[in-house]
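Residue 233 is where the sequence shown ends in UniProt numbering, and the numbering goes up by one at each step.
Idealized CB from N, CA, C, for every residue including glycine.
Predicted model only: the values in this text are computed from it and were never measured.
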Amino acid sequence: MLSPKVKHFIFKTEQSPPFSYLPGQFITIHFERNGKMLKRSYSIANVPTQNNYIEFAAGYVAEGPGTDLLFNLKPGDKININGPFGRLILKEEMPKRYIFVATSTGVTPYRAMINELKARLKVNPELQIVILQGVQKHEDLLYPDEFIAFAAQHPQVTFRAHLSREQESALGPHEHKGYVQHAFPDLNLNPTEDMIYLCGNPGMIDDAFNYLKEKGFALQQIIREKYISSPSK
């Protein structure tokens with residue numbers, strides 16, 4: 001388990017040629033429950049390789065059909081997927097600064113982007129990268145050590161965790177009290193230089209999107225992907 005409610009999954013595809021995708025995209029799982037065909041989508045969490053492995057993180061949802069399927073799998077079990085899908089990807093043209101904002105499992109596509117971001121830092125050493133992860137408590141953080149290491153290796157990278165239900169006295173390095181979308185005033189936003197990525201809870205994304213529009217950001221400067229819970233049927 002990555003956290004008390006989130007589990008990391010690793011699957012090997014049987015596809016030939018190897019499964020290909022861009023960092024930030026997602027796959028969709030198709031399965032049957034009570035005579036109905038259902039589907040659930042998950043962002044790919046690992047960097048693209050040619051070894052046909054797909055990793056993703058899934059949160060536990062009580063009585064959720066996706067949870068029932070995934071959390072009861074055993075090594076060697078098979079699932080049906082298709083994809084990749086999604087436009088939460090790194091565009092070829094680089095801004096002066098990337099700002100990646102996520103809640104909970106919304107941070108997984110940013111994990112998949114780390115190698116590509118390292119390559120872009122080599123091309124443009126002046127590129128700035130900010131990664132903001134929002135969760136309720138410290139134990140809910142996903143992949144924090146990887147993002148902290150990324151920032152430690154590159155002075156152009158900043159990682160901040162925003163904890164909405166943690167006590168101030170319990171905050172550690174890189175941790176801040178409050179909702180992640182409330183971090184924007186600290187960032188000296190610049191609509192002509194920043195590219196913003198938003199992924200996760202729809203409420204966070206709507207709040208952030210409205211704030212950014214008020215600050216003069218154009219639609220093409222904000223890339224969004226909402227994680228919407230499906231009915232438990």
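Tell me, please, which residues DSSP counts as bridged to residue i.
| i | result |
| --- | --- |
| T158 | V130 |
| K91 | Answer is none; K91 lacks a bridge partner. |
| E175 | A161 |
| residue 235 | Limits of the chain in this structure are 1 at one end and 233 at the other, which puts residue 235 out of reach. |
| Y98 | I129, M195 |
| H182 | H182 is not bridged to any residue. |
| A58 | K7 |
| K36 | R33 |
| E225 | C199 |
Would you check if the distance between the CB atom of residue i and the CB atom of residue j is smaller than 8 Å?
| i | j | result |
| --- | --- | --- |
| Q221 | M195 | yes |
| Q25 | G86 | yes |
| E139 | P4 | yes |
| L198 | V6 | no |
| Q156 | Q128 | yes |
| L187 | V130 | yes |
| F31 | L69 | yes |
| I27 | I81 | yes |
Out of the options, state which residue places its alpha-carbon closest to the alpha-carbon of residue i.
| i | options | result |
| --- | --- | --- |
| V107 | E146, T28, R40 | E146 |
| residue 245 | S104, A151, E92, Y227 | Since the displayed the chain opens at 1 and closes at 233, residue 245 lies outside it and no answer follows. |
| R40 | N34, R33, V47, I29 | I29 |
| S104 | H154, Y42, P95 | Y42 |
| H154 | F71, L121, G172, Y110 | L121 |
| G76 | A149, K12, E116, N82 | K12 |
| residue 236 | P173, A208, G178, Y179 | The structure shown has nothing for residue 236, since the chain only spans 1 to 233. |
| Y110 | T192, F159, R33, E193 | F159 |
| M94 | P125, P173, L163, N82 | P125 |
| P65 | R33, K78, I81 | R33 |
| I99 | N210, P191, D206 | P191 |
Identify, in the order they occur along the chain, each residue of the same chain with its Cβ nearer than 7 Å to the Cβ of residue i, setting aside the five sequence neighbours on each side.
| i | result |
| --- | --- |
| P202 | K226, I228 |
| L212 | I196, I222 |
| A112 | P23, G24, I44, A45, N46, V47 |
| L117 | I129 |
Taking CB distances under 8 Å as the criterion, tell me whether residue i reaches chain D.
| i | result |
| --- | --- |
| A151 | Here chain D cannot be found, since the structure has a single protein chain. |
Leaving aside the five residues before and after residue i along the sequence, list all residues of the same chain whose C-beta is less than 6 Å from its C-beta, in chain order.
| i | result |
| --- | --- |
| Y60 | K5, T67 |
Please return the same chain residues whose Cβ sits closer than 8 Å to the Cβ of residue i, not counting the five positions on each side in sequence.
| i | result |
| --- | --- |
| L2 | H8, A57, L142, Y143 |
Do three or more CB pairs link the region 15-25 to the region 40-54 at distances below 8 Å? yes
Does the region 156-172 come close enough to the region 211-220 that 3 or more CB-CB pairs lie under 8 Å? no
Three CB pairs or more closer than 8 Å across the region 179-187 and the region 76-90: no
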